Each structure stands twice: as structure tokens, then as C-alpha cells.
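Notes for the one structure printed next.
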Amino acid sequence: MYFLTKELYFPPVSEASSDGILAVGGDLSTERLLLAYKNGIFPWFEEDEPIMWWAPEERMVLFFEDLRISKSMRNILNQNKFKVTFNTAFREVISNCKKISRKDQPGTWITHEMVEAYCNLHEKGIAKSIEVWQNEELVGGLYGVDLGHVFCGESMFSKVSNASKVAFIHLVKYLEQNNYRILDCQVYNNHLASLGCVEIDREDFMMILKY
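First residue of the sequence shown: 33, per our numbering; consecutive thereafter.
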């Protein structure tokens, strides 16, 4: 494991431990975050812990043609129950992702420091959000880091059933229409798998990211 200093540097992702930890320390400056994402690295830590940087051996991604939309979900989309916007309420989205309770998770990994860091990224046009509204209320959404050819999804939330799925599907359609290569979802979970996401080797992910 590499211990970062003030120097703007990350070791090669191949040096990550078997559980995916690459480095500890550093900061969440815009420059360091952008360097991290461009090199297949992301921060993930809890309040009162040092900043931990990850590059897991298996990467959860979505190839757009693999997106799974159930019949019931298609019906919901066709009903136009929700209004979807892009990049109009970033702070509200990340704040809701921070506060929302999640099954099998005692707390959140989105610290106050991370909220401010990603809001700074948003102000520079690098971090973006998708918002889902119902009766003028923000009921779902997601945010992530936009590298121009790969979108690195960070977190999503739902206050009503299916709102985060609506955000996810709209994001995928947007990325596909604008010739992005993949949606990076970082690590496995059952919900992502149900939507068509798969794990690929880190080396394959890096090839897509770099070329």
C-alpha cells in the first residue's frame, strides 16, 4: 500500500492489494481527483478515516447494449410519471445520496469533505448529475465523474420506487447517444447486476479507459 504525500502522484493500479486498496492519504483536490479517475482509481472511505484510494481487480461496468429494462419498468417510463433533468441540482443530488439509508449499510461513505470536493468538480464541469422529479420534488438521481468517453458513476438515491432506475436508464441512453464507451460502476452489487452491469478484469477496464 502506498502512502501519498502532497506530491500529485499515484502508483500504477497493478500495485493495488488483493482487496483493491492502492494508496492512503493525499487530499481531495480537483487535480488529484481528476488524476485518479483518469487512471482508474477512486476514493472510498468513511468519516474519521484517512482517504483511501481503490483500484479493484474486478471492475463493475455497463456496456450499453446490455442494459436490462424490465417490462414493468418500460411501462413506468412510458407513463411519464417523472421529469428528468441533467446537471441542474448537483448539490441536492449528492446531499441526498449522503443522507439516504441503505440496506446492510450502517452509515454513508460520502463524507462532508467528499461533498465539497465533488461540488468543486461540478463547478469545473467534471462531475455531473441526473435528477428525477415528481410533482416538482426531487425524488431520485445520481451523480458521477464525466471523463468525456467514460462516465464514472458514484452514487444514486431514490425517495420513491424506481426513481433511481429512471435516472440510471436516462443516463445510459444519453451516454450511448453521445458515443461514450462504458458506464463505470466501480464495484459489484446485486442491484447493478440486475440492470445488466458485469464485472471485467482491471486490465480490460484500463484498456477501455486509456484508449
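Ideal placement from N, C-alpha and C gives every residue a C-beta, glycine not left out. Predicted model only: the values in this text are computed from it and were never measured.
Within this structure, are the beta carbons of residue i and residue j separated by less than 7 Å?
{"i": "Val192", "j": "Leu99", "result": "no"}
{"i": "Gly57", "j": "Pro82", "result": "yes"}
{"i": "Phe189", "j": "Ile108", "result": "no"}
{"i": "Tyr220", "j": "Glu231", "result": "yes"}
{"i": "Gly52", "j": "Leu241", "result": "no"}
{"i": "Asp216", "j": "Val45", "result": "no"}
{"i": "Val164", "j": "Phe114", "result": "yes"}
In terms of residue numbering, what span does the alpha helix (DSSP H) encompassing residue i cover?
{"i": "Val45", "result": "Looking at the DSSP string, Val45 is not in any alpha helix (DSSP H), and its letter there is neither H nor E."}
{"i": "Glu124", "result": "Phe122 to Lys131"}
{"i": "Cys151", "result": "His144 to Glu155"}
{"i": "Tyr34", "result": "Element bounds for Tyr34: not the alpha helix (DSSP H) but the beta strand (DSSP E), Tyr34 to Leu36."}
{"i": "Leu32", "result": "Residue 32 lies beyond the stretch modelled for the chain, which goes from 33 to 243, so this question has no answer here."}
Looking only at its own chain, which residues have a Cβ that is under 6 Å from the Cβ of residue i, when we skip the five neighbours before and after it?
{"i": "Gly176", "result": "Phe183, Cys184, Gly185 and Glu186"}
{"i": "Ser61", "result": "none"}
{"i": "Phe122", "result": "His154 and Ser161"}
{"i": "Glu79", "result": "Thr143"}
Please work out which residues of its chain come closer than 8 Å, Cβ to Cβ, to residue i, disregarding the five sequence neighbours upstream and downstream, and give them in chain order.
{"i": "Leu153", "result": "Thr62, Leu65, Leu66, Ala159 and Val177"}
{"i": "Glu47", "result": "Tyr34 and Leu54"}
{"i": "Ser50", "result": "Glu89"}
Can you tell me which of the three DSSP states residue i falls into?
{"i": "Tyr243", "result": "coil"}
{"i": "Glu231", "result": "strand"}
{"i": "Val219", "result": "coil"}
{"i": "Arg100", "result": "coil"}
{"i": "Val204", "result": "helix"}
{"i": "Val198", "result": "helix"}
{"i": "Glu78", "result": "coil"}
{"i": "Ser226", "result": "helix"}
{"i": "Val237", "result": "Reading off the sequence, residue 237 comes out as Phe, not Val. In the structure shown, Phe237 sits in a helix (DSSP, three-state: H, G or I)."}
Taking the beta strand (DSSP E) that residue i falls in, what are its first and last residues?
{"i": "Thr117", "result": "Lys115 to Phe118"}
{"i": "Ala55", "result": "Ile53 to Gly57"}
{"i": "Lys160", "result": "Ala159 to Gln166"}
{"i": "Tyr175", "result": "Glu169 to Asp178"}
Which residues in the same chain as residue i place their Cβ atom closer than 7 Å to its Cβ, once the five residues preceding and following it in sequence are excluded?
{"i": "Ile162", "result": "Val116, Phe118, Gly173, Leu174, Ala199, His202 and Leu203"}
{"i": "Glu208", "result": "Phe96"}
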